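**Student:** Each residue of the sequence shown is one higher than the last, beginning at 2 in my numbering.
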Amino acid sequence: MTYRTAVMGAGSWGTTFTKLLHDAGGEVVLWGRRPEVVEAVNERHENPDYLPGITLPEGVRATLDPAEALDGADFVALAVPAQTLRHNLGAWRTLLPQDAVLVSLMKGVELGTSRRMSEVICEVADVPEERVGVFCGPNLAREVAAGQPGAAVAACTDEDAARRLQAATMTPYFRVYTSTDVVGCELGGAVKNIVALCVGMAVGLGFGASTQALLMTRGLAEIARLGAALGADEHTFAGLAGMGDLVGTCMSPLSRNRTFGENLGRGMTLDEVVAVTKQTAEGVKSAEAVMELARKHNVEMPITEAVTAVLHHGMPIKEAAVSLISRSPKPERYGL
Ligand SMILES: NC(=O)c1ccc[n+]([C@@H]2O[C@H](COP(=O)([O-])OP(=O)(O)OC[C@H]3O[C@@H](n4cnc5c(N)ncnc54)[C@H](O)[C@@H]3O)[C@@H](O)[C@H]2O)c1
Ligand SMILES: O=P(O)(O)OC[C@H](O)CO
2 MTYRTAVMGA GSWGTTFTKL LHDAGGEVVL WGRRPEVVEA VNERHENPDY
52 LPGITLPEGV RATLDPAEAL DGADFVALAV PAQTLRHNLG AWRTLLPQDA
102 VLVSLMKGVE LGTSRRMSEV ICEVADVPEE RVGVFCGPNL AREVAAGQPG
152 AAVAACTDED AARRLQAATM TPYFRVYTST DVVGCELGGA VKNIVALCVG
202 MAVGLGFGAS TQALLMTRGL AEIARLGAAL GADEHTFAGL AGMGDLVGTC
252 MSPLSRNRTF GENLGRGMTL DEVVAVTKQT AEGVKSAEAV MELARKHNVE
302 MPITEAVTAV LHHGMPIKEA AVSLISRSPK PERYGL
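1) Is it right to say residue 309 is buried, meaning 16 or more other beta carbons lie within 10 angstroms of its own, or is it exposed?
2) Considering only the alpha carbon of each residue, which of 120, 151, 86 lies closest to residue 241?
3) Measuring CB atoms only, is the stretch 155–166 touching the stretch 251–269, in the sense that at least three cross pairs come out at less than 8 Å?
4) For the stretch 224–240 against the stretch 170–182, do three or more pairs of beta-carbon atoms, one drawn from each stretch, fall closer than 8 Å, so that the two count as touching?
5) Starting from the C-beta of residue 250, find all residues in its chain whose C-beta is less than 6 Å away, skip the five residues before and the five after it, and write them out in chain order.
6) Quick check: does the Cβ of residue 280 come within less than 6 Å of any heavy atom belonging to ligand 3?
7) On a Cα-Cα basis, can you pick out the residue from 96, 69, 247 that is closest to residue 214?
8) Assuming residue 20 and residue 146 are in contact, meaning their beta carbons sit under 8 Å apart, how far apart are those beta carbons, in whole angstroms?
9) Spell out a yes or no on whether the stretch 96–116 and the stretch 35–50 are touching, meaning 3 or more CB-CB pairs, one atom from each, closer than 8 Å.
10) For residue 119, tell me which candidate among 270, 45, 187 has the shortest Cα-Cα distance.
11) If you draw a straight line from the alpha carbon of residue 321 to that of residue 311, how long is it in whole angstroms?
12) Tell me residue 176's beta-bridge partners as DSSP assigns them.
13) What are the uninterrupted segments assigned as beta strand (DSSP E) that are 3 or more residues long and contained completely in the stretch 78–154, given in chain order?
14) Between which two residues does the beta strand (DSSP E) harbouring residue 31 extend?
15) By how many angstroms is the C-alpha of residue 201 removed from the C-alpha of residue 260?
16) The beta strand (DSSP E) spanning residue 5 covers which residue range?
17) Would you give the residue range spanned by the beta strand (DSSP E) that residue 296 belongs to?
18) Under 8 Å by Cβ, that's how I've got residue 80 and residue 111 pegged, so tell me the actual separation to the nearest angstrom.
19) Kindly list the residues whose CB is nearer than 8 Å to the CB of residue 313, restricted to its own chain and excluding five residues on each side of it in sequence; keep chain order.
20) With 16 other CB atoms within 10 Å as the buried threshold, where does residue 211 fall?
21) Given residue 278, which residues of its chain have a CB within under 7 Å of its CB, disregarding the five upstream and five downstream residues?
22) Going by CA-CA distance only, name the one from 173, 12, 295, 131 that's closest to residue 116.
23) Am I right that residue 121 and residue 96 are in contact with their C-beta atoms under 8 Å? What's the rounded C-beta distance?
24) Leaving out five residues on either side along the sequence, give the residues of the same chain with a beta carbon under 6 Å from the beta carbon of residue 283.
25) For ligand 2, I want to know if residue 264 counts as a neighbour, meaning its beta carbon is within less than 6 Å of at least one of the ligand's heavy atoms.
26) Quickly, what does DSSP pair residue 76 with across the bridge? List them, please.
27) Report the partner residues of residue 16 according to the DSSP bridge assignment.
28) With a threshold of 6 Å, establish whether the CB of residue 250 neighbours any heavy atom of ligand 1.
29) Alpha carbon to alpha carbon, how far is residue 297 from residue 226? Give it in angstroms, no decimals.
30) Give a single yes or no on whether residue 85 has its beta carbon closer than 6 Å to a heavy atom of ligand 1.
31) Please report how far the alpha carbon of residue 166 lies from the alpha carbon of residue 157, in whole angstroms.
32) Taking 6 Å as the cut-off, is the C-beta of residue 127 nearer than that to any heavy atom in ligand 2?
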């Protein structure tokens with residue numbers, strides 16, 4: 002069976018996901034909002050702003066017209082920044098094919114509502130949760146685009162839809178597992194960005210692997226605590242969407258979130274870091290939205306709290322580091 006997919010958003014991950022779908026043998030059209038990006042993909046088979054040096058297959062086609070991209074799609078993959086999804090999807094709502102599965106590629110939580118991306122999709126597109134999927138895992142766009150061995154999770158509460166998404170995305174170099182735990186997969190993807198910001202700050206301050214491992218491990222514990230409060234399956238956090246994505250992102254100099262934190266840790270001001278960050282570092286805005294969720298569900302998330310204090314309330318990084326290391330003594334516990 003050949004599936005047709007519309008990928009909405011021609012940044013680094015949207016473009017990479019388009020290549021993956023093509024390599025998996027599917028039909029795919031990439032929607033981009035900038036004419037020069039669409040032209041580069043169609044004429045020169047590259048997206049130099051986001052994936053310099055990567056050659057895209059000749060069969061990969063891009064368009065500026067959302068209706069053309071969405072026409073007849075089995076899957077609609079959404080790859081815009083988390084904070085613009087509501088606006089973008091609202092504009093495409095009447096063009097969405099009746100039975101298409103809408104797949105979030107995004108790793109963020111909406112500011113103001115604290116909604117996960119799948120919740121925003123259900124609300125704006127007015128579709129039941131069975132028609133909304135999530136694709137996530139330790140996937141640094143450049144490495145996946147280069148065809149390095151990798152894996153991800155295709156999640157949907159409708160197991161059959163998850164299996165179809167799996168079939169549409171498996172390639173000789175990329176494995177895809179299914180899950181029905183949409184909540185856990187989304188939280189794993191969104192909250193690890195906040196932990197990666199913190200690990201980056203630690204790297205920027207000159208701290209080594211011991212401190213980074215501490216932050217990753219306790220970061221995973223707070224992700225699992227929030228997940229338990231929101232009804233996620235705690236096993237998800239030991240998998241690709243949890244530990245896998247957390248470790249991949251926190252360890253990689255390619256991560257925009259880790260790099261953002263590292264620049265702050267080295268002493269740049271927030272404005273300076275924002276000015277040099279050309280791509281989306283979702284954790285920066287999502288930190289406040291996740292903190293709001295944590296407060297609402299009475300979940301302790303000290304790393305998220307410290308990152309939010311540094312990014313949005315002017316707390317000096319060194320003060321945040323002291324606040325974390327001097328927390329009261331307690332037994333080690335994973336999850337709740
Ligand atoms: N890059 C990765 O390695 C990777 C991997 C997995 C998931 N993700 C997630 O994918 C999502 C997209 O990230 P990305 O890496 O492609 O980001 P990016 O910064 O590389 O690209 C963002 C894209 O969105 C477009 N865009 C920006 N503002 C817009 C608006 N107002 N309306 C419509 N389009 C707009 C940009 O033009 C660009 O095409 C994020 O949630 C990210 O966390 C990224
Ligand atoms: O570059 P980042 O920090 O957005 O991370 C990219 C992916 O989410 C890694 O899985």
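Beta carbons are placed, not taken as given, at the ideal position from N, Cα and C, and that holds for glycine. In this text, all values refer to a predicted model and were calculated from it rather than measured experimentally.
**Tutor:** So, from the listed chains and residues:
1) In the sequence shown, the residue the question calls residue 309 occupies position 308. Classification of residue 309: buried, given that the 10 Å Cβ count is 16 or more.
2) Reading the sequence shown from its first residue, position 240 is the one you call residue 241. Among 120, 151, 86, the Cα nearest to that of residue 241 is on 151.
3) By the C-beta criterion, the stretch 155–166 is judged not to be in contact with the stretch 251–269, since fewer than 3 inter-stretch pairs fall below 8 Å.
4) Cβ pair count under 8 Å is three or more, so yes.
5) Residue mapping note: residue 250 aligns to position 249 of the sequence shown, counting from 1. Only 193, 197, 256 meet the Cβ criterion.
6) The model depicted lacks ligand 3 and carries ligand 1 and ligand 2 instead.
7) As a working note, residue 214 is residue 213 in the sequence shown. The shortest Cα separation from residue 214 among 96, 69, 247 belongs to 247.
8) Along the sequence shown, read from residue 1 onward, the residue named residue 20 stands at position 19. Along the sequence shown, read from residue 1 onward, the residue named residue 146 stands at position 145. Their Cβ separation, rounded to whole angstroms, is 6 Å, which keeps residue 20 and residue 146 in contact under 8 Å.
9) The stretch 96–116 is not in contact with the stretch 35–50.
10) By one-based count along the sequence shown, residue 119 stands at place 118. For residue 119, the nearest C-alpha among the options comes from 187.
11) By one-based count along the sequence shown, residue 321 stands at place 320. By one-based count along the sequence shown, residue 311 stands at place 310. Their Cα atoms are separated by approximately 7 Å.
12) As a first step, residue 176 is located in the sequence shown; it is residue number 175 there, counting from the start. Looking at the DSSP output, residue 176 sits in a beta bridge with 152.
13) Listed in chain order, they are 102–105, 133–137.
14) Translated into positions along the sequence shown, residue 31 becomes position 30. Element bounds for residue 31: 28–32.
15) To locate residue 260, count along the sequence shown from 1; it is residue 259. To locate residue 201, count along the sequence shown from 1; it is residue 200. If I take the Cα positions, the gap works out to 6 Å.
16) Position 4 of the sequence shown, counted from the start, is the residue given in the question as residue 5. First-last of the beta strand (DSSP E) with residue 5: 5–9.
17) By one-based count along the sequence shown, residue 296 stands at place 295. Boundaries around residue 296 are those of the alpha helix (DSSP H), 284–297, since no beta strand (DSSP E) includes it.
18) Here residue 80 corresponds to residue number 79 of the sequence shown, with the count starting at 1. Here residue 111 corresponds to residue number 110 of the sequence shown, with the count starting at 1. Here residue 80 is actually not in contact with residue 111; their C-beta atoms are around 16 Å apart, not less than 8 Å.
19) For this step, residue 313 is matched to residue 312 along the sequence shown. Only 288, 289 meet the Cβ criterion.
20) As a working note, residue 211 is residue 210 in the sequence shown. Label assigned to residue 211: exposed.
21) In the sequence shown, residue 278 corresponds to position 277, counting from 1. Take residue 278, set aside five residues on each side of it, and the residues of its chain with a beta-carbon closer than 7 Å to its own are 257, 261, in chain order.
22) Residue mapping note: residue 116 aligns to position 115 of the sequence shown, counting from 1. Considering only alpha carbons, the answer is 295.
23) For the purposes of this step, residue 121 is taken as the residue at position 120 of the sequence shown. For the purposes of this step, residue 96 is taken as the residue at position 95 of the sequence shown. Between residue 96 and residue 121 the Cβ distance is about 17 Å, and since that is not below 8 Å, they are no contact.
24) For the purposes of this step, residue 283 is taken as the residue at position 282 of the sequence shown. Same-chain partners within the cutoff: 83, 108, 109, 194.
25) Working through the sequence shown from its first residue, we reach residue 264 at position 263. False, no ligand heavy atom lies under 6 Å from that Cβ.
26) Position 75 of the sequence shown, counted from the start, is the residue given in the question as residue 76. According to DSSP, residue 76 bridges with 6, 102.
27) Locating residue 16 in the sequence shown gives position 15, where the first residue counts as 1. Residue 16 is not bridged to any residue.
28) Numbered from its first residue, the sequence shown carries residue 250 at position 249. No, ligand 1 has no heavy atom inside 6 Å of this Cβ.
29) Stepping through the sequence shown from its first residue, residue 226 is reached at position 225. Stepping through the sequence shown from its first residue, residue 297 is reached at position 296. For residue 226 and residue 297, the distance between alpha carbons rounds to 13 Å.
30) Reading the sequence shown from its first residue, position 84 is the one you call residue 85. Residue 85: yes, Cβ under 6 Å from ligand 1.
31) The residue labelled residue 166 in the question sits at position 165 within the sequence shown. The residue labelled residue 157 in the question sits at position 156 within the sequence shown. Distance between the alpha carbons of residue 166 and residue 157: 9 Å.
32) Sequence index remark: in the sequence shown, residue 127 carries index 126 (1-based). Incorrect: residue 127 has no Cβ contact closer than 6 Å to ligand 2.
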